[in-house]
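Engineer:
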Amino acid sequence: MKTVKAAFVKSLPVMAGYIILGIGFGILAHNAGYGFPWALAMSLLIFAGSMQYVGVGLLAGGASVLTVILTTVMVNARHLFYSISMLRLYRNAGRYKPYLIFSLTDETYSLLCDGKVPDGADPDRFRFLVSLFNQSYWVLGSVIGSLVSGILPFSTAGIEFSMTALFIASFTEQWITAKDHIPAATGLLGTLFCLVVFGPDRFLIPAMLLITLLLTLFRNRLSAGKKVDA
Amino acid sequence: MSTSAYSALLVAVMSVVTILLRAAPFLVFKKKAPAYVMYLGQVLPAAIIGMLVVYCLKDTNPLSAPFGAPELIAGLLVAGLHAWKRNILLSILAGTAAYMLLTQLVF
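Protein sequence lines, in the order shown, are assigned to chains A and B.
First residue of the first sequence: 33, per our numbering; consecutive thereafter.
First residue of the second sequence: 83, per our numbering; consecutive thereafter.
(1) Name, going along the chain, the residues of the segment 130-145 of chain B whose beta-carbon falls closer than 8 Å to a beta-carbon of chain A.
(2) With a cut-off of 8 Å on the beta carbons, I'd call L227(A) and F235(A) a contact; round off their distance for me.
(3) For S173(B), I'd like the list of residues in its chain whose CB is within less than 6 Å of its CB, leaving aside the five on either flank, ordered along the chain.
(4) Would S173(B) count as contacting chain A if we go by Cβ distances under 7 Å?
(5) On the three-pair Cβ rule with 8 Å, is the segment 77-97 of chain A touching the segment 55-62 of chain A?
(6) Tell whether a beta-carbon distance below 7 Å holds between M133(B) and T223(A).
(7) Excluding sequence positions up to five away, which residues of its chain have a Cβ less than 8 Å from the Cβ of T263(A)?
(8) Mind listing which residues of the segment 106-123 of chain B have their C-beta closer than 9 Å to chain A's C-betas, in chain order?
(9) Considering only the alpha carbon of each residue, which of V95(B), L102(B) and A87(B) lies closest to H111(A)?
(10) Which word fits L198(A), buried or exposed, when buried means at least 16 other C-beta atoms lie within 10 angstroms of its C-beta?
(11) Give every residue of the same chain whose Cβ lies closer than 7 Å to the Cβ of F160(A), excluding the five residues on either side of it in the sequence, and list them in chain order.
(12) How is M96(B) classed by DSSP in three states: helix, strand or coil?
(13) With 7 Å set as the bound, which would you pick, yes or no: does the beta-carbon of V97(A) sit closer than that to a beta-carbon of chain B?
(14) What ranges does the alpha helix (DSSP H) occupy inside the segment 124-184 of chain A, keeping only unbroken runs of at least 4 residues that lie completely in it?
(15) Which value, in whole angstroms, describes the spacing of the CA atoms of F165(A) and F40(A)?
(16) Does the separation of the CB atoms of P232(A) and K140(B) fall below 7 Å?
(17) In the DSSP assignment, the alpha helix (DSSP H) including N252(A) goes from what residue to what residue?
(18) Would you please verify whether the beta carbon of L187(B) is less than 7 Å from any beta carbon of chain A?
(19) How should T209(A) be labelled, buried or exposed, when 16 other C-beta atoms within 10 angstroms of its C-beta is the threshold for buried?
(20) For P232(A), does the three-state DSSP call read helix, strand or coil?
(21) State yes or no: is the C-beta of L126(B) within less than 7 Å of the C-beta of G49(A)?
(22) Pull up the distance between the alpha-carbon of S89(B) and that of P150(A), whole angstroms please.
(23) At the level of alpha carbons, what is the spacing between D261(A) and S117(A)?
(24) In angstroms, rounded to a whole number, what distance separates the CA positions of C145(A) and S135(A)?
(25) Is the separation between the beta-carbon of W170(A) and that of G54(A) shorter than 7 Å?
(26) Assuming F57(A) and I131(B) form a contact by the criterion Cβ under 8 Å, report the distance between their Cβ atoms to the nearest whole angstrom.
(27) When you compare only the Cα positions, how much space is there between K167(B) and P148(B)?
(28) When DSSP labels each residue in this structure, what does N108(A) get in the three-state scheme?
(29) How many angstroms separate the CA atom of F186(A) from the CA atom of L183(B)?
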């Protein structure tokens with residue numbers, strides 16, 4: 033019980049954000065023709081906020097399987113690195129390990145990456161419960177969003193801008209905190225270039241390839257004088 | 083294949099790929115990852131956010147009315163408010179509300 037309470041308290045900072053962003057996702061999916069069962073299934077099975085927002089667009093546009101695979105890889109590539117940094121912490125988590133790995137979102141990572149566990153709590157169970165609380169907020173928000181979408185007293189036209197706003201805010205935050213602006217500028221300008229060259233229906237895959245290529249070419253410049261944490 | 087069967091397939095693809103990304107390091111690396119992978123881990127996230135900003139605005143046409151004005155105004159509001167308050171939820175809620183008002187009432 034002590035572990036449950038400690039995990040709940042730990043998860044509180046994520047609660048409001050996940051419920052609100054989940055509601056946004058639910059409404060967005062509903063407006064695109066993907067109602068309650070879809071929002072529920074996506075939040076249960078994918079559990080990756082940005083990808084689910086982008087995914088609604090891919091579903092509605094009938095994207096190819098290859099585009100969906102590559103887009104998921106690029107949008108969620110950062111999760112690889114969350115897992116890499118949790119290798120030691122999660123390696124011996126026993127029966128909790130599969131869910132801990134499945135549920136390692138940006139927010140869960142940010143709560144658990146310091147490895148600290150309250151006194152008296154079972155570490156693996158504690159991390160499992162924090163992850164579970166977080167996903168339950170996300171699922172709850174998604175379900176609320178898809179259910180209220182049809183009965184709201186005002187038009188939700190334009191709600192899809194919440195995704196744009198999420199990424200612009202993340203971009204701004206990243207721009208302010210990063211020492212080097214080359215990666216962010218490469219992503220923005222490289223994609224813009226591909227959008228102009230390939231058009232709005234075909235630019236995503238070329239953009240991902242161009243970004244990876246350019247960042248690989250910039251490697252020496254960007255790695256110089258920079259400590260690489262392993 | 084029906085549209086919903088195809089959509090279900092795409093949801094499954096997103097789910098499996100996401101799970102594989104999260105699980106891969108546990109399956110492949112014992113303790114440490116190669117330097118190139120670690121490097122990509124440092125630089126890709128920022129670049130991908132930039133890519134996603136452009137992705138979100140891909141259907142905005144700056145050459146015909148309203149010339150992307152709602153996106154530009156709401157987008158600048160998000161960036162400015164975020165630089166000022168650094169509160170991601172506030173930035174998203176204010177920007178989305180502004181965009182909805184602009185597109186529903188003004189443009």
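Glycine is no exception: its CB is placed at the ideal position from the N, C-alpha and C atoms.
Just so we're clear, the structure is a prediction, and the values are computed from it rather than from any experiment.
Structural biologist: Reading off the structure:
(1) I130, I131, G132, M133, L134, V135, V136, Y137, C138, L139, K140 and D141
(2) 5 Å
(3) V160, L163 and H164
(4) yes
(5) yes
(6) yes
(7) There is simply no residue 263(A) to check, as chain A begins at 33 and stops at 262 in what is shown.
(8) A106, P107, F108, F111, K112, K113, K114, A115, A117, Y118, V119, M120, Y121, L122 and G123
(9) L102(B)
(10) buried
(11) Y128, Y131 and L132
(12) helix
(13) yes
(14) 129-134, 138-144 and 155-180
(15) 7 Å
(16) yes
(17) R251 to S255
(18) no
(19) exposed
(20) coil
(21) no
(22) 43 Å
(23) For D261(A), the pLDDT reaches just 45, beneath the cut-off of 50, and the residue's location in the model is therefore unreliable, leaving the point undetermined.
(24) 13 Å
(25) yes
(26) About 18 Å separates the two Cβ atoms, so there is no contact after all.
(27) 29 Å
(28) helix
(29) 11 Å
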